[in-house]
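4 protein chains.
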Amino acid sequence: MQQNVAITDRDNVLFEAGIKLGALYHQFTGSPVNLKTAGSLEKAIQESISVQPCVEDIKVTINRDMIRSKLNSEYGYCELEGRMLDVRITARFQKAKADVSMAFDTELDYPLMKIERIY
Amino acid sequence: MQQNVAITDRDNVLFEAGIKLGALYHQFTGSPVNLKTAGSLEKAIQESISVQPCVEDIKVTINRDMIRSKLNSEYGYCELEGRMLDVRITARFQKAKADVSMAFDTELDYPLMKIERIY
Amino acid sequence: MQQNVAITDRDNVLFEAGIKLGALYHQFTGSPVNLKTAGSLEKAIQESISVQPCVEDIKVTINRDMIRSKLNSEYGYCELEGRMLDVRITARFQKAKADVSMAFDTELDYPLMKIERIY
Amino acid sequence: MQQNVAITDRDNVLFEAGIKLGALYHQFTGSPVNLKTAGSLEKAIQESISVQPCVEDIKVTINRDMIRSKLNSEYGYCELEGRMLDVRITARFQKAKADVSMAFDTELDYPLMKIERIY
C-alpha cells in the first residue's frame, strides 16, 4: 500500500459509473409519486442522468408494488424511495466499459449498488 | 401582536401553496438537463407535485434559452436552476383558492415566488 | 369565488412560511445520518433555512429514536426521513407574523405541516 | 470487449468512491448558505457522507470567495453550488484504497470529480 499506481480507463469507468448512481439516488429520491405519475418520473430520471458524461445506456424502473404498498391512505401518494428503484447503467470511459446496477436487496434491506460486469 | 387569531381556509391555502413551491424547487433543481431532455423533466416535475395535497392545477416550464446559455461546452449539459423555472400553481383548501407562481425576476436576480391571486 | 382580493401581509407570511417548510423537507431528506451525526445535520438544516427571507426563528430537531429504529444493521446508518423531523419556524412578513410546524402525525402516518399561530 | 472479467477490490473501491461524490453533490447542492452558515454546512456534509460504507476519510471545504461573489444583494444569501465545493475522500474496499476529489476546474468551467491516487 505504499506505491500509488497508474490510473486506467477501467478505474475511471467504474468511478464514473458510481458517480451516476449516487447522483441519481440523491437527486430524485423524495420526489412525490403515485401509480399514475411513476412513468413520467422514470422517464425523466433516465433522460436526466443520460446527459452526464460516460453514460452509454441507462434503464430506470420504479417498482409499482412498492409504490402501492407505501401510498398514504389519506393523501394517495408516497415519496420515491431508493428501494423502489431498479437502475441499470452501461458506462464507457475511452476503451473501458462496465455495467452497474442499483436494486433493492431484501436480505440486506438495502438499495444495493453493484458492479455487474466489466468488459 | 398579543392575540393569536383563528386560522382560515385562506391562510391554509397560501401556506399549502408555499409548501409546494419550496418542495418543487429543492427537489428538482440540480437535475442534469439539456435541450433534448427538458421536456421530460418538465412533465415529471409537474406530475410529481400534482399528487400532493391541495394542488388543483400546475404548469411547469423550463426556459430553453437559459439552458442553451448554460450548457457546458465540454459536456453539453447543465443543471436545472431555479431561475430556469416558470411555475404556476392553483391551490385549493376547502373553500379557498389561490394562484401562486415562481418566475425569474431579472431586477432582483432571483427566482421569485409570488401570490398571484386569491379567489 | 369570482373576485380576486387584495393580498395582505398575513397572506404573504403564510405563503413564505410554507415555502420554507417545503424547501427544508426536499433539500435535506435523504441525507445519510446516524446517532453521532444527527446533531451536525440538525444544526446545518437550521442555519441553512434561517438565511432565507422572512425567517425570524427556526428550531429543527431530528428524532433519535426513529434514527435508532431505522439504522441498517449491516451499515449502521439510515437516511433522514420527513417523519424524523420536528421543525418550528416563526416567519415574519412586514407586520404579519406566524408560527408554523412540521411534525410526524402518527394517526395520518404523515409528516404534517401546520399553521400553529398567527399573530 | 467480449469477455467479462473478474471484479477486483480496486474496481469496487473506485465505484464506491464515485457513489459518494455523486451522492454528496446531489444531496447538498441547492442548500441556502451565506458566510456565517458555511461552516455548519461543511461539517454536516462531511459527517453525513462519512457514515456511508467504504468512507475512510472525508474533508469538505466550501469556497468563501465564491459564496461572497454569489450573495444576492437583496437577500444576502445564495445556494450551495457544485463549483463552491472542494471535497477529498479516501475510500477503502477490503484491501484496496483510493483518494478521489471534487474541485472546480476553471478551464472546463466544471466541478470536476477525479481519481487522485490508488494505493
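Chains as they are written, first to last, in the numbering used here: chain A, 43 to 161; chain B, 43 to 161; chain C, 43 to 161; chain D, 43 to 161.
Backbone N, C-alpha and C define an ideal beta-carbon position, used for all residues, glycine too.
Remember, predicted model here, so these are calculated numbers, not experimental data.
I think residue i touches residue j, with their Cβ atoms under 8 angstroms apart; what is that distance to the nearest whole Å?
i               : j               : result
G60 of chain D  : G60 of chain A  : 3 angstroms
A138 of chain B : V55 of chain B  : 4 angstroms
K112 of chain C : I91 of chain C  : Their Cβ separation, rounded to whole angstroms, is 23 angstroms, which puts K112 of chain C and I91 of chain C out of contact at 8 angstroms.
D151 of chain A : N114 of chain C : 6 angstroms
T79 of chain B  : E123 of chain A : Not confirmed; about 23 angstroms, so no contact.
L127 of chain D : V93 of chain D  : The pair is not a contact, with the Cβ atoms about 19 angstroms apart (cut-off 8 angstroms).
Y67 of chain B  : A65 of chain C  : 6 angstroms
I157 of chain B : I49 of chain C  : 5 angstroms
Any idea if residue i is buried or exposed, counting beta-carbon neighbours within 10 angstroms, 16 or more meaning buried?
i               : result
G118 of chain A : exposed
E58 of chain D  : buried
D175 of chain A : This structure cannot settle anything about residue 175 of chain A, because the visible part of chain A is limited to 43 through 161.
Q69 of chain B  : buried
E149 of chain A : exposed
E84 of chain B  : buried
Tell me which residues share the same chain as residue i and place their Cβ nearer than 7 angstroms to its Cβ, disregarding the 5 neighbours each side in the sequence.
i               : result
V97 of chain A  : K62, I91, I131, A133
P74 of chain A  : Y119, E121
L77 of chain B  : R106, I109, R110
Q136 of chain A : D51
T71 of chain C  : L122, E123, G124
M43 of chain D  : Low per-residue confidence applies at M43 of chain D: pLDDT is 47, beneath 50, and the placement is therefore not dependable, though the value from the model is reported in the following sentence. Nothing meets the Cβ criterion.
E116 of chain A : none
So, at 6 angstroms on beta carbons, what are the nonlocal neighbours of residue i in its own chain, with the 5 sequence-adjacent residues on each side left out?
i               : result
N105 of chain A : M126
K154 of chain C : The residue you asked about is not Lys; residue 154 of chain C is Leu in the sequence shown. Hits under 6 angstroms: D147.
Y161 of chain A : K139
S143 of chain C : R130, K156, E158
A145 of chain C : D128
P95 of chain C  : none
Once the 5 residues before and after residue i are set aside, which same chain residues still bring their CB inside 8 angstroms of it?
i               : result
I100 of chain D : K62, Q88, I91, S92, V129, R130, I131, T132
Is any heavy atom of the ligand MG found at a distance shorter than 7 angstroms from the C-beta of residue i?
i               : result
Y119 of chain C : Ligands in the displayed structure: none, and consequently the ligand MG is not present.
Counting only runs that start and end within the segment 92-122 of chain D, where is the beta strand (DSSP E) found for 3 or more residues in a row?
Taken in chain order, the unbroken stretches of beta strand (DSSP E) that lie wholly in the segment 92-122 of chain D and span 3 residues or more are 97-104.
Give me the subset of the segment 80-94 of chain D whose CB atoms are less than 7 angstroms from a CB atom of chain A, sorted by chain position.
Result list empty, no residue passes.
Along the segment 115-141 of chain D, where does the CB come closer than 9 angstroms to a CB of chain B? Name the residues.
S115, E116, Y117, E121, E123, G124
Anything in the segment 54-66 of chain C with a Cβ closer than 7 angstroms to a Cβ of chain B? List those residues in chain order, please.
Cβ contacts with chain B: N54, L56, F57, E58, A59, G60, I61, K62, L63, G64, A65.
Taking only runs that begin and end inside the segment 50-75 of chain B, name each unbroken alpha helix (DSSP H) of 4 or more residues, in chain order.
51-70
Where are the beta strand (DSSP E) runs, 3 residues long or more, that stay fully inside the segment 124-159 of chain B, in chain order?
127-135, 138-147
Residues of the segment 66-78 of chain D whose Cβ lies closer than 7 angstroms to any Cβ of chain C, in chain order
Q69, G72, S73, P74, V75, N76
Listed in chain order, which residues of the segment 94-105 of chain B have Cβ atoms closer than 8 angstroms to some Cβ of chain D?
none
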